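Residue numbers -22 to -1, 1 to 925, in mature numbering (1 follows the signal peptide of the UniProt record, and there is no 0), belong to the letters of the sequence shown in order.
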Amino acid sequence: MKIIRGLAVALLLPALLQTTMATTKLEEQHISVKDSVSFKKPLPFDNEVKVGKLPNGFQYFIRKNVEPKNRVTMYLAVKVGSILETESQLGLAHFLEHMNFNGLKHFPKNELVNYLQKVGVRFGSDLNAYTGFDQTVYQLPIPSDDPEILKNGLQVMRDWAQDALLTAEEIDKERGVVLEEMRGGRGAMQRMRDKFFPLMFNNSRYANRLPIGTEPIITNFPYEELRKFHRDWYRPDLQSIIIVGDIDVNQIENEVKRLFSDMKVHPNAPKREEYQVPFLNKNQFLTVTDPEMTAIVTQMFIKHPKTNIKTEGDYRKSLLKAVYSRMINNRLSELRQSANPPFLSGTISISDFLANMQTFGASMVSKPNEYEVGFKAILRELERVQRFGFTQTELDRAIASISKGNETAYIERDKKKSDEYVNRYLNYFLEDAPALSNEDSYNITKRLLPTLTLKEVVALTKEYYTDVNRDIIILAPDSQKNSLPTEAQINQWIAEVEAEKVTAYEDKVSDLPLLAKQPVKGSIVAEKNLTKVAAKELTLSNGVKVVLKPTTFKNDQILINAFSPGGTNMYADKDYHSSSYASSLVGQSGVGQMNAIELKKYLTGKNVHVGTYIGEREEGVSAFSDKEGLKTTFELIYGYFTEPRIDEDIFQGTLANVISGMSNRENDPNFVFRRDITNKLYKGNIRRVPNTEEDIKSISKDRALNIYKDRFADASDFVFVIVGSFDEKDIRPLLEEYIASLPSLKRNEKTPDLGIYEPKKGFNLVTNKGKEEKALANLRYYGDFKYDVQEVLNMQALQSVLTIKLIERLREDEGGVYGTGARINTSKYPKGRYNVSITIGTGTEKYRHLINLALEEVEKIKKNGPSQADLDKFKIEVQRQNELMVKENGFWQGLLSGAYRNQQPIETPEEILKRLDKVNIKSVQKVAQKYLKKDQLFEFILLPDAK
């Protein structure tokens, strides 16, 4: 299960406050703060959800939503996490979450997962849960078109709420699984976290209540201790069910009342305390190093009391914070695009942290030996804002960007997925966050955004960027220990920046048109209806093929994918690195007459993205847009074909950052493991092994640009697949103007096969790297593959049934792993190939035993085929997932692109499902025998450093 939420907040660098809200054009609004805002006016609650509270304190939120159709998402939220554990219970909140999947009143032992897989629910991706410091949450998305499934789904939620069996046998089996989850999380970050958490959490209770717990307690806790924790805390006054989907709300409400009203709080139940992090009213400083750390990371937290968003005034301030974060981080982004960037990455944010705290946070990943430069660069931007503020144009762009997001969200409100609503009510119940209706969210934000002023945004820096309750934590490799600054040096740098003559920010905006020259219009010369998939193929005068599929899955979403044979395989090894970085360098440099910074400003307020790529065997374009931005999207596509650029600053800065990022990667056991595998498999071929510093230095700006131009010099063999909410009559003129006008050389290229394949016979490889006593085994099979759609489907079935067996044997029976499974990939070009990968993470004392068990399961399928029950699970999962995927634009883009890319007939989803009838025990057994051959097994093992 996932251990996230509160823990993730503490582990990750402070995230930018994300807001998808907005307004109409500012010039159309003339609203003063006084006229538009009642600061104390409470925010309204969403009136489209049915809310109730049972006499026992249990709460419910129920809402009808038909996206997706015939589905319902249920969450059980419990205001109980690791913070409530006693010293003898460390880790039991999370352990209890595990146990809710290992024996319930109506689903004993492993019957819960078994039953749900039989109805098409995927364990891990659909069925899941997480534990944090202050809450535990269970999620269950299920079909709602079958009354029996719906009834059983509600029963699962009821059992999760208070009816875990907690048998001694299942507890003992799960100890090993949790210990392996704990072991898997060990490494550089965990070791450093143990040192900096006490400071970060001000030595509060949170510092020693990590949800994963401790090994001695997980190994030895008495059964009754877990049962006591369950009895004390899994109770109705701390729980809520959230149900959103294609349902009858009144019927579901009656079922909730029937199922949950009998739950009771036992007479001696402890009080649910609300724990806090104390303010120390002092600054703290800490450096932590580890031999496996790969970068120098600085986190600065300035701690402030958290304020919940209850009123329009609170809400308005959250908008101010969102605007501030966008503007300050845009400036940091510009620094990263200079010829000599001061840091590898840097962000600033004002965000909720933990419990009663929010933080003004600044984070930085330093370049080697340039810590002072990077740290001062962050401070200098903060100082610049304090002295000179932001410009009006910066504010206008930030508001326009948020505005566009709000307009888009409102346009798509009837297409909003149930999960989005679930998270709205989940955050309301757990975090006391606002839960606005779609209408209120749109209208309130639309009204408030124009009232934000530059003075107020700048004032946030003075309010939050203070010199007390500040923590500075520096995480670094051991090799950098002697070069890290002291607290005195940090304070000196702060004083030096404050004494500098900082100049005001200059907001440079281009007034040139994007393109230096306009295209010469082409034409559509042929059309073909693709009737069975409701699409159309157009042939343009320059040879480009365009596949159009209008849909109604979204109200305003258009996806564009274009591809052509070619890629880096067209160039000699000496040009490989220039060719592989060419599209990235172009993409970072802007296009036409605008550099990257000017282009970003030009696109503000537009829901438009265009990117190009040069892969191994093809080059292409990936883009999305809404209707309003479609012309701009095609203009950009034309520009990337005809007016690409690589700016010198971008070139120098990108290469400097890439090289800097390599400096400590050898510290990472996983990098060393991957490097050893690719070196051995491909005999050091430069197209497979990790780049070296010399490789990056060999990249030529001129050669990279010439290669890029060469790849996009001939559009005649490109296929454009366009799917989404467009009208054909509106898009045809744009195709004629911007796509039919692309250059055409009629080269009819074929991508060469460079013959870079794995050996025909398997081998073993052991890498010794790492401080922790853990092992990672990766078993792979490689070989030639007879590419056929039915064969691919049989391979997908093999992946599914083998994964089921690996989880049953290695996790459920042995308790030897936290996660395991099989992954199978197939490809048609340059020749049919397949690879199968089985991953096992476990202890050094048992990895060999588990490898043998995994191979036993492989041999069982080869000898007997899969069980019918496991095969049926695969089939129902495919059918149920297909019901969802066919309503997604991305699915259709992938289906159509795949057919053209692989030069095979387009199959409808219905035809694909009919192929399931041909998948049977014998067909899966046959592919297992054919492709899982012992002599084609490659065994890669990562073990700790040799002692």
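Virtual Cβ for every residue (Gly too), placed ideally from N, Cα, C.
Because the structure is a prediction, the values reported are computed rather than measured.
At the level of alpha carbons, what is the spacing between residue i and residue j?
i: residue 231; j: residue 80; result: 28 angstroms
i: residue 565; j: residue 735; result: 30 angstroms
i: residue 350; j: residue 457; result: 17 angstroms
i: residue 298; j: residue 435; result: 6 angstroms
i: residue 238; j: residue 36; result: 7 angstroms
i: residue 45; j: residue 420; result: 20 angstroms
i: residue 128; j: residue 224; result: 11 angstroms
i: residue 587; j: residue 611; result: 7 angstroms
i: residue 533; j: residue 660; result: 47 angstroms
i: residue 211; j: residue 131; result: 23 angstroms
i: residue 397; j: residue 888; result: 27 angstroms
i: residue 410; j: residue 196; result: 32 angstroms
i: residue 621; j: residue 491; result: 13 angstroms
i: residue 701; j: residue 783; result: 38 angstroms
i: residue 429; j: residue 373; result: 12 angstroms
i: residue 477; j: residue 574; result: 32 angstroms
i: residue 547; j: residue 570; result: 27 angstroms
i: residue 308; j: residue 301; result: 11 angstroms
For residue i, name the three-state secondary structure that DSSP assigns.
i: residue 819; result: strand
i: residue 261; result: coil
i: residue 328; result: strand
i: residue 595; result: coil
i: residue 351; result: helix
i: residue 371; result: helix
i: residue 751; result: coil
i: residue 757; result: strand
i: residue 19; result: coil
i: residue 169; result: helix
i: residue 304; result: helix
i: residue 570; result: coil
i: residue -15; result: Unreliable placement is indicated for residue -15, whose pLDDT of 36 sits below 50; no coordinate value is reported for it.
i: residue 84; result: coil
i: residue 799; result: strand
i: residue 199; result: coil
i: residue 278; result: strand
i: residue 515; result: strand
i: residue 681; result: helix
i: residue 323; result: strand
i: residue 603; result: strand
i: residue 191; result: coil
i: residue 271; result: coil
Cα-Cα, which of the options is closest to residue i?
i: residue 539; options: 384, 422, 878; result: 878
i: residue 366; options: 406, 674, 483; result: 483
i: residue 648; options: 348, 356, 248, 271; result: 271
i: residue 462; options: 597, 275, 561; result: 275
i: residue 154; options: 673, 856, 794; result: 794
i: residue 163; options: 819, 903, 872; result: 819
i: residue 25; options: 591, 402, 389; result: 402
i: residue 175; options: 915, 450, 464; result: 450
i: residue 964; options: 101, 55, 770, 277; result: Because residue 964 is not part of the residues shown, which for the chain are -22 to 925, the question remains open.
i: residue 120; options: 99, 520, 16, 855; result: 99
Which word fits residue i, buried or exposed, when buried means at least 16 other C-beta atoms lie within 10 angstroms of its C-beta?
i: residue 882; result: exposed
i: residue 599; result: buried
i: residue 412; result: buried
i: residue 768; result: exposed
i: residue 108; result: buried
i: residue 352; result: buried
i: residue 766; result: exposed
i: residue 832; result: buried
i: residue 467; result: exposed
i: residue 470; result: exposed
i: residue 368; result: buried
Where in the segment 208 to 265 do unbroken runs of the alpha helix (DSSP H), each at least 4 residues long, occur, reported from the N-terminal end onward? 227 to 238
Could I get the ranges of all uninterrupted beta strand (DSSP E) runs contained in the segment 99 to 146, with 3 residues as the minimum, in chain order? 106 to 109, 114 to 121
Alpha helix (DSSP H) runs wholly inside the segment 886 to 923, at least 4 long, in chain order: 887 to 893, 899 to 909
With a floor of 3 residues, list each beta strand (DSSP E) that falls wholly inside the segment 459 to 511, ordered by position along the chain. 502 to 508
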